[in-house]
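*Asks:* Under our numbering, the first residue of the sequence shown is numbered 346, with each subsequent residue one higher.
Cβ atoms here follow ideal geometry from the backbone N, Cα and C, with glycine treated the same way.
The structure that follows is given in the form of structure tokens.
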Amino acid sequence: MNFVKKAQKYLKELHLDGWLLYDFRKTNELAHICLKIPDKTTTTRRFFYWIPKEGEPIKLVHGIEPHILDAHPGQMKMYTSWQSLEEQLADMLRGKRRVAMEYSPNNTIPYVSRVDAGTVDQIRSFGVEVVSSADFLAQFTSTLSPRQIESQIQAGKALDRILQDVWAWIAQLLTHKKTLREYDVQQKIIEEFTVRHMVTDHPPIVGVNAHSADPHYQPLKSSSSVIQMGDLILIDLWAKEKREDAIFADITRVAVAAHEPSEKQKKIFGVVRKAQLRALELIQECFQKKQRIEGWEVDDAAREVVQAAGFGKYFTHRTGHSIERTLHGSGAHIDNLETHDIRPLIPGSCFSIEPGIYLPGEFGIRLETDVLIHYDGSVQITGGQQEEITSLY
């Protein structure tokens, strides 16, 4: 099914008159993704692509950039002045009642809210109700091809292997009483990415002891802690294969440079692991039963476990995020803390499950694995899972 036909299917199901894709100077990246506009395309003027629930689309483009939407079907209309743009929009939307755009009421889902308030006002001025495209947008921005699914699986395997090698490397250096800093471990992981022809968008997180209680801690060459015997070490690494359509994998693990972790570390790990398992179980249960499951519901399931154990205030971020060609994708996030993500988890998508507990001044435990929802509804966990804190000795 082609893009337009697929969009019209969702528009009819949701009783919408149409979908108005809009962009100005790449402020709505989601429109570019949906329309597969090449990154190097010059887009200095506003354009609109109108997909009615039935019939032929309309391409409304500026006279000096008339070819932006040539790859897509539909009647082309051009404007040059702001007055002619208003006239064309009024004509295009005449008689329409409910129109979807990349907009989120009250900015509930900011990842979707890409159309500026002024443009929403403009469209409303034609007597149209603007509604969010969030419920179906991910079908066009966040679903993976079979080749991409395989790339995500392979990236997860590579990260798991890298981490095992890095744990062994840390143990060896400490055994020989070599000075080793968080920054050194970070650079070692980056070297491993290069060897395996992988790329990332940011250096990995390596945090020791109190630094592991900072979810986005970054070691610097000028200021990072020395790793010593007995330390707890958290490593969060993400990367993908070095090709244009590759998908990220993203995992987090913890270890102690000791024979075994402390009782408190074991306790916190146990709560976090239980929360992760509850989230994974809920996802699997819902897909087995063919029940709709939304991002916020999975976040609640994990968070309830942490809260019941008395550590709710130390779980300070969402449970997971969408994963695509970018690390933090535009699909449904596992979130009812930072946002109330009411979007469904859908076949063909990928996301992380990463609950954490962070005790300021002491240590933090985060466990992260990735989840692929295959098109047949089966659920696959990629990147491996950690059953207990790794002891380096």
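1) Classify Pro723: buried if its beta carbon has 16 or more other beta carbons within 10 angstroms, exposed otherwise.
2) Would you say the beta carbon of Trp583 comes nearer than 7 Å to a heavy atom of the ligand SAM?
3) Considering only residues of the same chain and omitting the five flanking positions on each side of Asn554, which have a CB-CB separation below 8 Å?
4) If you pair each beta-carbon of the segment 666-677 with each one of the segment 592-610, do three or more pairs fall below 8 Å?
5) If I follow the unbroken alpha helix (DSSP H) through Lys350, where does it start and stop?
6) Measure the alpha-carbon distance for Ile698 versus Thr684 and round it to whole angstroms.
7) Can you grab the Cα-Cα spacing for the pair Gln652 / Asp644, in whole Å?
8) Terminal residues of the continuous beta strand (DSSP E) containing Lys585?
9) When you compare only the Cα positions, how much space is there between Glu649 and Lys609?
10) What's the gap between the Cα of Tyr340 and the Cα of Phe481?
11) Residues in its own chain within less than 6 Å of Ile507 by CB, not counting five upstream and five downstream?
12) DSSP puts Ser697 in a beta bridge; with which residues?
13) Cα-Cα, which of Glu527, Glu447, Ser478 is closest to Thr464?
14) Which class does Gly615 belong to by DSSP, given the choice of helix, strand or coil?
15) Leaving out the 5 sequence neighbours to the left and right, which residues in its chain are closer than 6 Å to Ile638 when beta-carbon positions are compared?
*Replies:* Straight from the coordinates:
1) The sequence as given places Ser at residue 723; Pro does not occur at that position. With fewer than 16 other Cβ atoms within 10 Å, it is exposed.
2) Among the components of this structure there are no ligands whatsoever, and the ligand SAM is therefore not found.
3) Ser570, Asp576, Leu577, Glu707, Phe708
4) yes
5) 348-358
6) 16 Å
7) 12 Å
8) 577-586
9) 20 Å
10) The question about residue 340 has no answer, for the chain in this structure spans 346 to 738.
11) Glu537
12) Asp715
13) Glu447
14) helix
15) Cys631, Leu690
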